[in-house]
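Below is one structure, written out as structure tokens, with a few remarks after it.
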Amino acid sequence: MPGSYGSIVLIRAKPILYTMNKYEVKTLLEKFDAGNCTDEEVAMLESWYLNWRNEPLELENTAADQSVGRIWARLQEENKAVKLWPRIRIALGVAAAVATITLGILLYYTSAPRHPEGSTARRNLQDNDIVPGSNKAFITLADGSTISLSDAKAGLSIQGSQLQYNDGSEVKTGSQDLSLLEKEITINTPRGGTYQIDLQDGTRVWLNAASSLTYHKALSKRGERIVTLNGEAYFEVAKDKAHPFIVQSKKQRVEVLGTHFNISNYDDDSTARTTLLEGSVKINQAILKPGQQSVIENNQLKVIPADIELAMAWKNNDFVFNGEDFKTTMRKIARWYNVDIVYDPGLRESIELDGWISRKNKLSDVLVKIEQAGNVHFKIEGRRVIVEK
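Just so we're aligned: the sequence shown equals residues 97 to 485 in this note's numbering.
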């Protein structure tokens, strides 16, 4: 509701990952426009949109395809309008009282907002607000010197010893010794930053906040294409059967031939997670199939069904909370908004979040939505977020 902080929560079932070619997508979009989609087809379209919305839909220049383009724009607008605001389950009593909610059901509850407009606590959040993260990155050369990358550009393209942005413009390197590009280099995103990297073999990498990707200019070592990841990244690996692509990180080694997958392996997380969307990957000694996720914790590896929406949320510019524990969520918020989180010692540990909210929102918008639904509230002091009961 515009101008309202009332708690209206849209809960929906977790989407299944559907893979469709462009002709199947166009057929469903046309049925959607005519109002003839079944519930299952609407779910397929929604799932496809959530998981692949950042990929271009290639349309031929015909009247029919122009119509599909219009429908596609409408579907995007409808999805923008539907935001899953966080719902918090606190302790067993409340959790047991929450009924099973299926696709499209609205859950209304009437509790007043914790901090109404004009309150001192609300003013604290608004007066000390922090903007969301954006395109920020820098390159570290072998001698430790750095090259800053433009915040106005979306990505970096590396072609041999040449650095350029993916729009074709040159990277300003100043007085740096560019011969160092022939050696090992690292692309870093700070907290509050994200960046895309196109490697010379055609592989595309999207780095999440507080992450780094290290590789050698030659890329291929002993017949393998080897990179080292710290943090989180989504990979679309160029196919090359003769040169397997290897991603090394703190807890695991991932080997692929050509595939789409996400790795999350931050130093301050207890787990390393690899989620496979397409193709096949080998993690240590485990083989993943599409729709599966490997989890490594305490040197133990297990394979579970993947929550694709959750794994791909950051790349789609969202925070998604599907039964995630509170402190895991707050670590994600800390990385994206470049803040430190300080907890009240009396804060209960049993808070879980459900729903989603755009990462394009200011920090106060995210915190207010969490406050509305649970027994927790926040203060912002500089670049610290204080979490209180």
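The beta carbon of each residue, even a glycine, is placed where N, CA and C say it ideally should be.
None of these values were measured; they are calculated from a predicted model.
Query                                                                                                                    : Result
For I404, the first and last residue of its enclosing alpha helix (DSSP H)                                               : I404 to M408
Test item: CB-CB of A334 and W432 under 8 Å                                                                              : no
Near the ligand NAP: I476 beta-carbon under 7 Å from a heavy atom                                                        : Questions concerning the ligand NAP fall outside what the structure shown contains, since it holds no ligand whatsoever.
Spatial distance of V416 from L449 (CA atoms)                                                                            : 9 Å
Alpha helix (DSSP H) runs contained entirely in the stretch 249–279, provided each spans 4 or more residues              : none
Local conformation of Y433 per DSSP, three classes                                                                       : helix
8 Å contact criterion, which V343 and L325 should meet: CB distance rounded                                              : 5 Å
Endpoints, the beta strand (DSSP E) within which V333 is located                                                         : Here V333 belongs to no beta strand (DSSP E), and DSSP marks it neither H nor E.
Boundaries (first-last residue) of the beta strand (DSSP E) holding T371                                                 : T367 to E374
Pairwise C-alpha distance: N418 and G451                                                                                 : 6 Å
Presumed contact (8 Å Cβ cut-off) between Q222 and A250, rounded CB distance                                             : With a Cβ gap of about 30 Å, Q222 and A250 do not count as contacting.
Cβ distance (whole Å) where A238 is taken to contact I283 below 8 Å                                                      : That belief does not hold up - the Cβ atoms of A238 and I283 are roughly 13 Å apart, past 8 Å.
Span separating the alpha-carbon of G478 from that of V227                                                               : 13 Å
Buried versus exposed call for A177 [16 or more other C-beta atoms within 10 Å across all chains shown]                  : Reliability fails at A177, whose pLDDT of 38 lies under 50, so the model's placement of it is uncertain and no value is given.
Alpha-carbon to alpha-carbon, H339 and G319                                                                              : 5 Å
V464 (DSSP reduced to helix, strand or coil)                                                                             : helix
Residues bridged to Q292 (per DSSP)                                                                                      : G251 and W302
Per-residue DSSP class, three states only, for D223                                                                      : helix
DSSP three-state assignment for I482, whether helix, strand or coil                                                      : strand
Backbone secondary structure at I476 - three-state DSSP                                                                  : strand
Other residues of its chain near S460: CB distance less than 6 Å, five sequence neighbours each side excluded            : L221, Q222 and D225
Span separating the alpha-carbon of Q348 from that of T290                                                               : 23 Å
The beta strand (DSSP E) enclosing L384, as first and last residue numbers                                               : A382 to L384
T236 in three-state terms, based on DSSP                                                                                 : strand
Given I235 as reference, the closest of I429, G442, V267 and A248 once Cα atoms are compared                             : V267
C-beta atoms of K346 and N358 nearer than 8 Å                                                                            : no
6 Å CB neighbourhood of R300 in its chain, flanking five on each side removed                                            : D294 and E332
Within-8 Å CB hit, V267 to chain B                                                                                       : Given the protein chain composition of this structure (a single chain), no chain B is represented.
DSSP three-state assignment for A425, whether helix, strand or coil                                                      : In the sequence as presented, Ala is not what sits at residue 425; that position holds Thr. Of the three classes helix, strand and coil, the one that applies to T425 here is helix, per DSSP.
Bounding residues of the beta strand (DSSP E) (the contiguous stretch that carries R349)                                 : R349 to V352
T206 classed as buried or exposed, judged by whether at least 16 other C-beta atoms fall within 10 angstroms             : The predicted position of T206 is uncertain, since its pLDDT is 29 and thus under 50; no value can be drawn from it.
Neighbourhood of W410 by C-beta, 6 Å cutoff - its chain only, sequence neighbours within 5 removed                       : N304
Beta carbon of G288 nearer than 8 Å to that of S307                                                                      : no
Rounded straight-line distance, which links the Cα of V391 to that of T370                                               : 7 Å
Cut-off 6 Å between Cβ atoms - residues of its own chain near V435, not counting five sequence neighbours on either side : R479 and V481
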